[in-house]
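Asker: The structure is given below, and queries will be raised subsequently.
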Amino acid sequence: MIEILTSHAFNTIQDLGRTGARRFGVSTSGAMDPVALAAGNAILGNDAGAASIEVQTFPFRLRFHADVAFAVTGADYDATLAARTIPPWWCARARAGDILAIGSPKRGARVYLTFEGGIDLPVVLGSRSTHVRAGFGGLEGRALREGDMVPVSRSTREAGGRFDFGVEPANVAIAGSSPSEDGVLHVRVMRAGEYDLFSTSVQELFWSTRWKISFQSDRGGYRLAGPKLTLAAPAEMRSHGVVAGVVQVPPAGEPIVQMSDANTAGGYPKIAAVIQADLWRLGQARPGSFIVFSEVDYREAVAAMTPVDDYIARLRATSELYRSL
Amino acid sequence: MVCRIYEAVVSINHPIAPFVGVIEKGLKISLIGTLAMLIEAPGDFDMVQQGRVWALADALSTWPNVQEAVVGVTNVMLVFDEPPEEISALSASIVELWHRLPSRKADGKVIEIPVIYGGEHGFDLPAVATRAGLSEREVIRIHSEGEYTVCAVASSPGFGYLHGLDPRIQMPRKSVPSLNMRAGSVTIGGMQTGIAALSSPNGWNAIGWAAVTMFDSRSDQPSLMAPGDRVKFRIDRIEL
Numbered sequence: 529m530i531e532i533l534t535s536h537a538f539n540t541i542q543d544l545g546r547t548g549a550r551r552f553g554v555s556t557s558g559a560m561d562p563v564a565l566a567a568g569n570a571i572l573g574n575d576a577g578a579a580s581i582e583v584q585t586f587p588f589r590l591r592f593h594a595d596v597a598f599a600v601t602g603a604d605y606d607a608t609l610a611a612r613t614i615p616p617w618w619c620a621r622a623r624a625g626d627i628l629a630i631g632s633p634k635r636g637a638r639v640y641l642t643f644e645g646g647i648d649l650p651v652v653l654g655s656r657s658t659h660v661r662a663g664f665g666g667l668e669g670r671a672l673r674e675g676d677m678v679p680v681s682r683s684t685r686e687a688g689g690r691f692d693f694g695v696e697p698a699n700v701a702i703a704g705s706s707p708s709e710d711g712v713l714h715v716r717v718m719r720a721g722e723y724d725l726f727s728t729s730v731q732e733l734f735w736s737t738r739w740k741i742s743f744q745s746d747r748g749g750y751r752l753a754g755p756k757l758t759l760a761a762p763a764e765m766r767s768h769g770v771v772a773g774v775v776q777v778p779p780a781g782e783p784i785v786q787m788s789d790a791n792t793a794g795g796y797p798k799i800a801a802v803i804q805a806d807l808w809r810l811g812q813a814r815p816g817s818f819i820v821f822s823e824v825d826y827r828e829a830v831a832a833m834t835p836v837d838d839y840i841a842r843l844r845a846t847s848e849l850y851r852s853l
Numbered sequence: 059m060v061c062r063i064y065e066a067v068v069s070i071n072h073p074i075a076p077f078v079g080v081i082e083k084g085l086k087i088s089l090i091g092t093l094a095m096l097i098e099a100p101g102d103f104d105m106v107q108q109g110r111v112w113a114l115a116d117a118l119s120t121w122p123n124v125q126e127a128v129v130g131v132t133n134v135m136l137v138f139d140e141p142p143e144e145i146s147a148l149s150a151s152i153v154e155l156w157h158r159l160p161s162r163k164a165d166g167k168v169i170e171i172p173v174i175y176g177g178e179h180g181f182d183l184p185a186v187a188t189r190a191g192l193s194e195r196e197v198i199r200i201h202s203e204g205e206y207t208v209c210a211v212a213s214s215p216g217f218g219y220l221h222g223l224d225p226r227i228q229m230p231r232k233s234v235p236s237l238n239m240r241a242g243s244v245t246i247g248g249m250q251t252g253i254a255a256l257s258s259p260n261g262w263n264a265i266g267w268a269a270v271t272m273f274d275s276r277s278d279q280p281s282l283m284a285p286g287d288r289v290k291f292r293i294d295r296i297e298l
């Protein structure tokens, strides 16, 4: 059991998301940075889909009520366990009574706390992710708050494996993941269905602009501030399914990137879609920071996942080795 | 007159669109990243076209690598487990299937919804009546005598897009949404009517309220409505 001591807002239980229920109008939810989540689970030897605590407001504190191994991945934070510093992308074994405290990240937006054995809350429609808007999944379908008790599964492995090591963070290990020196995150996209409806000059504007992630951005989507991307004539669109990463342009011309909690349906012209290999990086981008888009084709987008998959596989293999030493 | 028989059919949104074939009317197929594909039926909205989309979604949802087929309004989005190997071949198979499949009728279950029209939760009824130039009772009569079809379930859990609203009582969505509309509110948005599945901000016009559970996350079939179902609103009570 884990007791939440400090949690201000918007911190929730998330796994890799709820797939297969879009046709019931249910958005996927799930970790905004699925690579950090997968890394935490790989380090601990958990199933890739084990649920975590996604922390996006700080400080965050919890108390362990039993001995349990855990990992902290995602944003670059300052963390302490029983007053001892826990470096970023680290795993450790907590003793009953230990307090884990996480301060504001120096880089990135979201920290993932994974626990050996995974969080033991009911699976709802195939996932433990919290669907806040509809009020199900996670812990009572809501954000965590002080006093909450979060159950952790008993690990099937024997206790005593080695748990005090760190791994290379995803943004370091996977080439091209970090914001460039000017602090601008480069995000690769593919063109989407209505790209050609925009004039050449508007298309050029889309590629050349340094977009600011507005402060009206959250797990549902990122609004981008910059020049207006307007259509010569309004496009009549019928409501259709969308997935995270799609860049839609409402009539006012301000693009919106749909993220984990996005509605299942959209009806605005789609200019582009962020590729899977970069969506997790966007999940770590903060409001107020800048992004630029660059174009890749389908084959490049598929190939871009190889270094991500390889990284997770490598973490799993080396962590396995480490724990058994 | 330019005959558009040979219009390019499958426009994959790829810098160099792979050319797939020549079909009489363009089904638009586009990718949303590497894991989703949107298939849009051509032409105006009608229930025959929507029925073809249901049939297509039913068939495609059984294909390998298709995680789910999400029905929209005259379109269907496929979500894949893995990026498909051959987009062009896949698109061609979908186009071929589209031309072969008969339209599915609205052959789902009939859902009867008892509505308390007007009153505390039907706060937009006077505005709808004013716009229609009808009495509130007339609006209620027209709405409750209609026969509606669930085109798609989307937007929020269990929310059905209902087709069949009488044009006389259509009413545009509000520019400023009502801040906290209660789940179960019976609403009109443009040419559609619906039942709010969640209590949340909502830009549709509330004309009544029904004590129905549109969505139950504990059930394997969590949504009361499914595409192809028919809906009838019955007057439970009128509060004017």
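Here the protein sequences come in this chain order: A and B.
Position 182 of the first sequence, counted from 1, bears residue number 710 in my numbering, the numbering being contiguous throughout.
Position 187 of the second sequence, counted from 1, bears residue number 245 in my numbering, the numbering being contiguous throughout.
Each residue gets a CB set at the ideal place from its N, CA and C atoms; glycine is no exception.
As the structure is a computational prediction, the values presented were derived from the model and not from experiment.
(1) Take residue 603 of chain A as the anchor and find which of A:593, A:743, A:590, A:586 has the nearest alpha-carbon.
(2) Do residue 598 of chain A and residue 622 of chain A count as a contact pair if the criterion is CB distance below 8 Å?
(3) Which chain C residues sit within Cβ distance under 8 Å of residue 125 of chain B?
(4) Quick check for students: name the residue ranges of the beta strand (DSSP E) that lie wholly in the region 623-671 of chain A, counting only runs of 3 or more.
(5) Taking beta-carbon pairs under 8 Å, can you tell me which members of the region 205-229 of chain B lie near chain A?
(6) Please state the DSSP three-state secondary structure of residue 833 of chain A.
(7) Does the Cβ-Cβ distance between residue 578 of chain A and residue 642 of chain A come in under 8 Å?
(8) Return the bridge partner residues of residue 808 of chain A from the DSSP annotation.
(9) Compute the distance between the beta-carbons of residue 231 of chain B and residue 262 of chain B, then report whether it is under 8 Å.
(10) So, does the region 151-171 of chain B touch the region 93-113 of chain B, judging by three or more C-beta pairs under 8 Å?
(11) At the 8 Å Cβ level, is residue 651 of chain A part of the contact set with chain B, yes or no?
(12) Please report the straight-line C-alpha distance between residue 290 of chain B and residue 726 of chain A, rounded to a whole angstrom.
(13) Kindly indicate if chain A contains any beta-carbon less than 8 Å away from that of residue 260 of chain B.
(14) Measuring straight from C-alpha to C-alpha, what distance separates residue 848 of chain A and residue 573 of chain A?
(15) Considering only residues of the same chain and omitting the five flanking positions on each side of residue 536 of chain A, which have a CB-CB separation below 7 Å?
(16) Could you tell me which chain B residues have their CB closer than 8 Å to the CB of residue 803 of chain A, listed as they occur along the chain?
(17) Would you tell me roughly how many angstroms separate the C-alpha atoms of residue 656 of chain A and residue 790 of chain A, rounded to the nearest one?
(18) Which full runs of the beta strand (DSSP E) of 3+ residues lie inside the region 87-165 of chain B, going along the chain?
(19) What's the gap between the Cα of residue 68 of chain B and the Cα of residue 187 of chain B?
(20) Mapping the DSSP letters down to three states, classify residue 278 of chain B as helix, strand or coil.
(21) Looking only at its chain, what residues have a beta carbon closer than 7 Å to the beta carbon of residue 833 of chain A, apart from the 5 residues adjacent to it on each side?
(22) I need the straight-line Cα distance from residue 299 of chain B to residue 259 of chain B, nearest angstrom please.
(23) Residues of chain B with a CB under 9 Å from the CB of residue 693 of chain A: which are they?
(24) On the three-state DSSP scale, how would you describe residue 766 of chain A?
(25) Going along the chain, which residues of its own chain have a beta-carbon closer than 8 Å to the beta-carbon of residue 33 of chain B, five neighbours each way excluded?
(26) Which residues in the same chain have their Cβ closer than 6 Å to the Cβ of residue 565 of chain A, if we skip the five residues on either side of it in sequence?
(27) Could you give the DSSP three-state label for residue 562 of chain A: helix, strand or coil?
(28) Do you know how far the Cα of residue 105 of chain B is from the Cα of residue 633 of chain A?
(29) Going by DSSP in three states, residue 569 of chain A sits in which element: helix, strand or coil?
(30) Hey, residue 658 of chain A and residue 788 of chain A: beta-carbon distance below 8 Å or not?
(31) Could you spell out the range, first to last residue, of the beta strand (DSSP E) harbouring residue 237 of chain B?
(32) Beta-carbon of residue 830 of chain A versus every beta-carbon of chain B: anything under 8 Å?
Answerer: So, from the listed chains and residues:
(1) Residue A:586 holds the alpha-carbon nearest to the alpha-carbon of residue 603 of chain A among A:593, A:743, A:590, A:586.
(2) Between residue 622 of chain A and residue 598 of chain A, the C-beta spacing is below 8 Å.
(3) The question asks about chain C, but that chain is absent: this structure's protein chains are A and B.
(4) Contiguous beta strand (DSSP E) elements confined to the region 623-671 of chain A occur at 627-630, 635-643, taking only those with 3 or more residues.
(5) Within the region 205-229 of chain B, the residues whose Cβ lies closer than 8 Å to some Cβ of chain A are 210, 211, 212, 213, 214, 215, 216, 217, 219, listed in chain order.
(6) Looking at residue 833 of chain A - three-state DSSP - the assignment turns out to be helix.
(7) Residue 642 of chain A is positioned such that its CB atom lies closer than 8 Å to that of residue 578 of chain A.
(8) Answer is none; residue 808 of chain A lacks a bridge partner.
(9) Contact: yes.
(10) Result yes; three or more Cβ-Cβ pairs closer than 8 Å.
(11) It does not: the Cβ of residue 651 of chain A has no partner Cβ on chain B nearer than 8 Å.
(12) Roughly 42 Å between the two C-alpha positions.
(13) No, residue 260 of chain B lies away from the interface with chain A (no Cβ there is under 8 Å from its Cβ).
(14) If you take the alpha carbons of residue 848 of chain A and residue 573 of chain A, they lie about 7 Å apart.
(15) 585.
(16) Going along chain B in sequence order, the residues near residue 803 of chain A (Cβ under 8 Å) are 91, 92.
(17) Computed Cα separation, rounded: 17 Å.
(18) The qualifying runs are 94-98, 124-129, 133-138.
(19) Residue placement at residue 68 of chain B is poorly supported in this model, since its pLDDT is 44, which falls under 50; the coordinates are not used for a value here.
(20) Three-state DSSP puts residue 278 of chain B in coil, outside helix and strand.
(21) Within the same chain, Cβ atoms closer than 7 Å to the Cβ of residue 833 of chain A are found at 804, 805, the five residues on either side in sequence being excluded.
(22) Summary: the structure shown does not reach residue 299 of chain B, with chain B confined to residues 59 through 298, and so no result is reported for it.
(23) Simply none; closest approach about 32 Å.
(24) It is coil, neither helix nor strand.
(25) Residue 33 of chain B lies beyond the range of chain B shown here (59 to 298); nothing can be said about it.
(26) Excluding positions up to five away in sequence, the list reads 559, 580, 640.
(27) Residue 562 of chain A: helix per DSSP, three-state reduction.
(28) The C-alpha of residue 105 of chain B is placed about 52 Å away from the C-alpha of residue 633 of chain A.
(29) When secondary structure is reduced to three states using DSSP, residue 569 of chain A falls in the helix class.
(30) For residue 658 of chain A and residue 788 of chain A, no; Cβs fall outside 8 Å.
(31) Note, residue 237 of chain B: beta strand (DSSP E), 236-239.
(32) Interface residue, yes.
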